[in-house]
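Residue numbers (the working numbering), protein chains in the order written: chain A, 69 to 491; chain B, 16 to 535.
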Amino acid sequence: MTISRRVFVKNSGLALVSLGMEPLFLARAVFGSYRPLPSLTGSDRPILVCLFQRGAVDGLNMIVPHGDPLYYEERPRIAVPQNTVVDLDGHFGLHPSLAPLKELWDNKSLAAIHAVGSPDSTRSHFDAQDYMETGTPGVKATGDGWVNRYCSHDREHAPPGTPFRAVAFGPQLPRILAGSAPSLAIDDLQAFGLRVPQEGARDKLTRAFEELYEGEGTGLLASSSREGFDAIQMLKRADPNQYRPATGVDYPQGRLGRTLLQIAQLIKSDVGLEIAFADCSGWDTHVNQGSNEGQLAARLRELGLALSAFSRDLGDRMSRVVVLTMSEFGRTIRENGNSGTDHGHATAMLVMGGPVNGGRVLGRWPGLSVEQRFEERDVAVTTDFRDLFGEVLARHLGAGDLSPIFPGFSPDPQRFPGAIKSL
Amino acid sequence: MTARDSALHALNRLAYGPRPGEVDSVARYGVMPWIERQLDPDHLDDKLLQQREHAFKILDYDRGDLAQRYRDAQRERQRMQRELAQTEDSMRPDKIEGPMREFRELGGELQQLAIVRATLSERQLREVMVDFWTNHFNVFVGKGADRFLLPSYIEQTIRPRVLGRFEDLLIATAESPAMLFYLDNAQSVAPGSAPPRPFRPFSPFFGRRRFGMNEMPEDRRRQRPTGINENYARELLELHTLGVDGGYTQQDVIEVARIFTGWSIEPPERGAGFVFRDWAHDHGTKHVFGLTFHDDGKDEGVRLLKFLAMQHATMHHVSAKLCARFVADEPPDGCVDAAVAAWQKTRGDIRAVLRAIFTSPDFWSPQVVRSKVKTPFEFVVSAVRAVSADPDTTPRLAQVVARLGEPLYQQPAPTGYAETEAHWVNSGALLARMNAAVALAGGRLPGIDANLDAVIPATTDHSQLIDMVDERILGGTMSAHTKSVILDQLADVPDPLQARALAVGLAIGGPDFQKQGTGR
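Given below as structure tokens:
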């Protein structure tokens, strides 16, 4: 049934394209999104912010299954005590370091998806991150990332004339954004561009380099430099640094807070940002992970404070923003000999923002008993990460066709975890 | 290809780019004889570098000294933490970082030392290989005790073996305290094993304090390890030897981890060296890769490493990575096969493997000669060499490398940095390169002493100026397009010093210099 519907959409879509019409409404019918088409100008365009928790976050200590006695049996030294968990629904609760997010949970703009992950069984950070970024678990030859493929296939949503449609914050362009569609890596918004104090001289030098790189024709040097020079032009006009955080909003110290502040500035300056991506590392807690306090607690505290600040800073604008966290896999259910956890399988992810179907822990919970586990040791995956990412692309950004974005996978709305509200 | 073209290609790949005049001198000496000399670097005089190394105090400390100082700093910080905990918010790490500052400074010195060596050494290929193997056997300097273990890792584990046998390098890294700590093997013990006498947990290896990725106040309970840790075993197979497609299973990883139980580190007061703890070793029989390991203590691990070093998957994985560094991001099969054959024939003599790559037709093919974009480290070092500048001992030049995207020793993932350009070429990083080039040409790049007069005398004749920049800095590879753009830009710059700065800045920041090859 699903398949024939998809074939119908695809074929009729082709027919409509040949008539010069966009088949978006049909795709929307399939993916259950009735969100109005984003206008191509103005500030009501949907925005997605992806945070990659590199190193494999321990989903079980982030969204704690405190209602399950097995959780406490398996983690005598690192479990989060029941009396300190921030309860969500009687069974799951937030790690106490994430307490700043409780308010968002209560006003239904935060949801968690548990037991989400990759169908591939690898426990290698490198491979699993690669698969999550390419969107093709088990296939190493994929050259581009799924966010980039979204950008190259969904041209209908491309804000015209902006180099800021997809921006990674950091010194390197991550795999998730690699590919043929233009994308930017920005390490520091304020320092983006040539550093020459005097404006006239700076413009002249910028034009000189621009001309030099125009001689490159094709290749990565050519395209990357072109995107850079376009971005300089636009930042000059929009001047995002004029946007200070809203009154009373304090981002936490550290890279994550700084990055989310800059993403907020870029959103407020309306330069056409559609997808922002940032890394947040330090989750590979093999040794002395800690429970209420300790390494993981400190990382989660920074995450909670940063997300909460971001949400308050953007205020009403959050009605069109979705923040999605992701991590390559989860960690072992049982703590290891070093009071830490080793590489596991499923983990938990968070979605935050106005369009989110919040206040719920989504996904089917597989349970923690040995026979319910993956390979008898790890939390089993009940939600393929592509169903979650696909839902966000389709129902939030309005992606028309998911099959070229996740090749070899048939996204099915029936399996969507329900992270985004259907209006 | 002319003799000069060949010389330039060799200097771009086996060295960190030519210094002014070096293309001609290598061409005169003969490219193949020069490559042979680079493969046998002990005969090369390196006095200038040796003098400069005296300025780095990090080379005066041995691992024991650093361990002692690190422990003292830790204790001081813990004392401050306790004090702070009684007064106010104890989770403000910034307030208690004071005692650890010395170690951050030593880390900066270590980065800068790498830049000074790569810039000044006559043994260029050796320095390129130090960079390659340090990255292949990556250790993250920011992980706790690795702050003081990294210097000896580089000096004693990596540097003496970069052109030796792969097997020796593999064993040395496996035994190195830096790797044992980084990939947690120091804490991997057989389940149920216990130390023979009351075990005193030694900070920082088994202490009640831990040294994870962050240094935050921690669980105060006294804890000692009680089980195996698979981390090293997995990365040994995936990254150091067989490669991710090397055909091993999760069960293989567990067996390998069992073999390495007991490989650990002495406490800091005893020098923080390697120790094999028999009590922590899993004495059971292990089966892996068709081999059986009966209880044989540390020798089990050594036997396994020797076996892995000669596996076809290892030879292919490491050879392909070497070819990605020296030949092309996606290396042709020919040079990889030649490298594997040399590996097999010489039982992993790195020198022979490299020679096979440098003499393979693929290394000299025209597509290859034009193909590679410099890494951030290669770009900075080659720019400093191109203008004959002298780096100082401050970490400021290392900070430039960091801004371009690949800070030295600071890749947290055991993969190290990738060998392919897509990982470092992006719009932000390119702008950072242009900024660095303009600063270098204007004499404003921190951390170096540049004397452009010695390389490019200032002149009001712009055509002559551009020819000199092409000849002395780009080795004669400046494209016609670059020449005409620079000439246009100079049109309204009458001042010869400003004109020179602009021409050099545009040349080094422009596309031709980003490549390890010709711009034509």
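We treat Cβ as the ideally placed atom computed from N, Cα and C, and that holds for glycine.
Identity of the residue in the options nearest residue i by Cα
i: threonine 393/A; options: Asp112/A, Gly127/A and Ala276/A; result: Gly127/A
i: alanine 328/B; options: Asp260/B, Arg340/B and Val317/B; result: Asp260/B
i: glycine 122/B; options: His151/B, Ile169/B and Phe147/B; result: Ile169/B
i: leucine 119/A; options: Gly211/A, Met200/A and Gly247/A; result: Met200/A
i: glutamine 479/B; options: Gly490/B, Gly462/B, Ile73/B and Lys498/B; result: Lys498/B
i: glutamate 142/B; options: Gly288/B, Pro461/B and Gly32/B; result: Gly32/B
i: leucine 125/B; options: Tyr197/B, Leu74/B, Gln139/B and Leu467/B; result: Leu74/B
i: leucine 251/B; options: Val333/B, Pro210/B and Pro240/B; result: Val333/B
i: glycine 349/B; options: Ala324/B, Arg94/B, Val383/B and Arg362/B; result: Val383/B
i: alanine 193/B; options: Leu164/B, Ile186/B, Pro406/B and Lys336/B; result: Leu164/B
i: arginine 388/A; options: Thr400/A, Leu430/A and Ile343/A; result: Ile343/A
Beta carbon proximity, residue i to chain A, threshold 7 Å
i: leucine 445/B; result: yes
i: glutamate 253/B; result: yes
i: serine 442/B; result: yes
i: leucine 45/B; result: The residue you asked about is not leucine; residue 45/B is glycine in the sequence shown. It does not; no Cβ of chain A falls within 7 Å.
i: glycine 123/B; result: no
i: proline 526/B; result: yes
i: serine 105/B; result: Reliability of the predicted coordinates at serine 105/B is poor, the pLDDT of 38 falling under 50, and the value obtained from them is presented with this limitation in mind. Judged by the 7 Å Cβ criterion, serine 105/B is not in contact with chain A.
i: aspartate 199/B; result: yes
i: glutamine 7/B; result: Outside the displayed span of chain B (16 to 535) sits residue 7/B, for which this structure offers no information.
i: asparagine 246/B; result: yes
i: threonine 430/B; result: yes
Residue span of the alpha helix (DSSP H) that contains residue i, given as start and end
i: serine 182/A; result: In the sequence on display, residue 182/A carries histidine and not serine. Note, histidine 182/A: premise wrong, no alpha helix (DSSP H); beta strand (DSSP E) at 178 to 185.
i: histidine 332/B; result: 327 to 341
i: phenylalanine 394/B; result: 391 to 401
i: valine 453/B; result: 442 to 456
Residue i: first and last residue of the uninterrupted beta strand (DSSP E) it sits in
i: isoleucine 115/A; result: 115 to 122
i: valine 391/A; result: 389 to 394
i: methionine 506/A; result: For chain A, the structure presents residues 69 to 491; residue 506/A sits outside this window and is missing.
i: leucine 252/A; result: 252 to 254
i: threonine 307/B; result: 306 to 308
Minimum Cβ-Cβ distance from residue i to chain B less than 7 Å
i: glutamate 90/A; result: Below a pLDDT of 50, predicted positions are generally treated as unreliable, and glutamate 90/A, at 36, falls in that range; no measurement from the model is reported.
i: glutamate 279/A; result: yes
i: proline 227/A; result: no
i: glutamine 240/A; result: yes
i: glutamate 342/A; result: no
i: aspartate 112/A; result: no
i: proline 479/A; result: no
i: valine 447/A; result: no
i: serine 349/A; result: yes
i: valine 355/A; result: yes
i: phenylalanine 93/A; result: For phenylalanine 93/A, the predicted model reports a pLDDT of 39, less than 50, meaning its position is unreliable and no value from the coordinates is stated.
Residues that residue i contacts on chain B, provided the C-beta gap is smaller than 9 Å
i: asparagine 175/A; result: Going along chain B, no residue has its Cβ under 9 Å from asparagine 175/A, so there is no contact; the nearest lies around 27 Å.
i: leucine 289/A; result: Val388, Glu436, Val440, Leu445, Pro526, Gln529 and Lys530
Within chain A, partners of residue i - CB distance below 8 Å
i: tryptophan 294/B; result: What tryptophan 294/B touches in chain A: nothing, since even the nearest Cβ is about 14 Å away.
i: glycine 120/B; result: The sequence as given places glutamate at residue 120/B; glycine does not occur at that position. Per Cβ cutoff of 8 Å: no residues; glutamate 120/B is ~21 Å from chain A at best.
Listed by chain order, chain A residues near residue i by CB distance under 7 Å
i: methionine 449/B; result: Leu262 and Phe277
i: serine 540/B; result: As shown, chain B starts at 16 and ends at 535. That puts residue 540/B outside it, with no answer to give.
i: threonine 241/B; result: Gly405
i: glycine 420/B; result: Pro239 and Gln240
i: valine 351/B; result: Residues of chain A passing the Cβ test: none, with the nearest at roughly 17 Å.
i: proline 427/B; result: Ser349
Under 8 Å by beta carbon: chain B residues contacting residue i
i: glycine 203/A; result: Going along chain B, no residue has its Cβ under 8 Å from glycine 203/A, so there is no contact; the nearest lies around 17 Å.
i: leucine 252/A; result: Asn441, Ser442 and Gly443
i: glutamate 295/A; result: Ser442
Interface partners of residue i on chain A, CB under 9 Å
i: arginine 249/B; result: Arg191, Ser192 and His411
i: leucine 521/B; result: Leu273, Ala276, Phe277 and Leu280
Any chain D beta carbon closer than 7 Å to residue i
i: alanine 209/A; result: The structure shown has no chain D; the protein chains it does contain are A and B.
Chain B contact residues for residue i, given Cβ-Cβ distances below 7 Å
i: histidine 163/A; result: Those within 7 Å of histidine 163/A in chain B number zero; the least Cβ separation is about 14 Å.
Inter-stretch contact at 8 Å, needing at least 3 Cβ pairs: the region 352 to 360 of chain A / the region 325 to 335 of chain A: Contact fails: fewer than three Cβ-Cβ distances are below 8 Å.
contact_flag[the region 66 to 84 of chain B, the region 33 to 49 of chain B] where n(CB pairs < 8 Å) is 3 or more: No, the region 66 to 84 of chain B does not touch the region 33 to 49 of chain B.
Does the region 189 to 198 of chain A touch the region 256 to 266 of chain A, meaning 3 or more C-beta pairs lie closer than 8 Å? Contact between the region 256 to 266 of chain A and the region 189 to 198 of chain A is absent: fewer than three C-beta pairs spanning the two stretches fall below 8 Å.
Should the region 351 to 365 of chain B be regarded as contacting the region 408 to 425 of chain B, the criterion being three or more beta carbon pairs within less than 8 Å? The region 351 to 365 of chain B vs the region 408 to 425 of chain B: no contact.
Three CB pairs or more closer than 8 Å across the region 448 to 468 of chain A and the region 400 to 412 of chain A: As far as the Cβ criterion goes, the region 448 to 468 of chain A does not touch the region 400 to 412 of chain A, which means the pair count is below three.
Are three or more beta carbon pairs between the region 294 to 301 of chain A and the region 246 to 254 of chain A nearer than 8 Å? Yes: at least three Cβ pairs fall under 8 Å.
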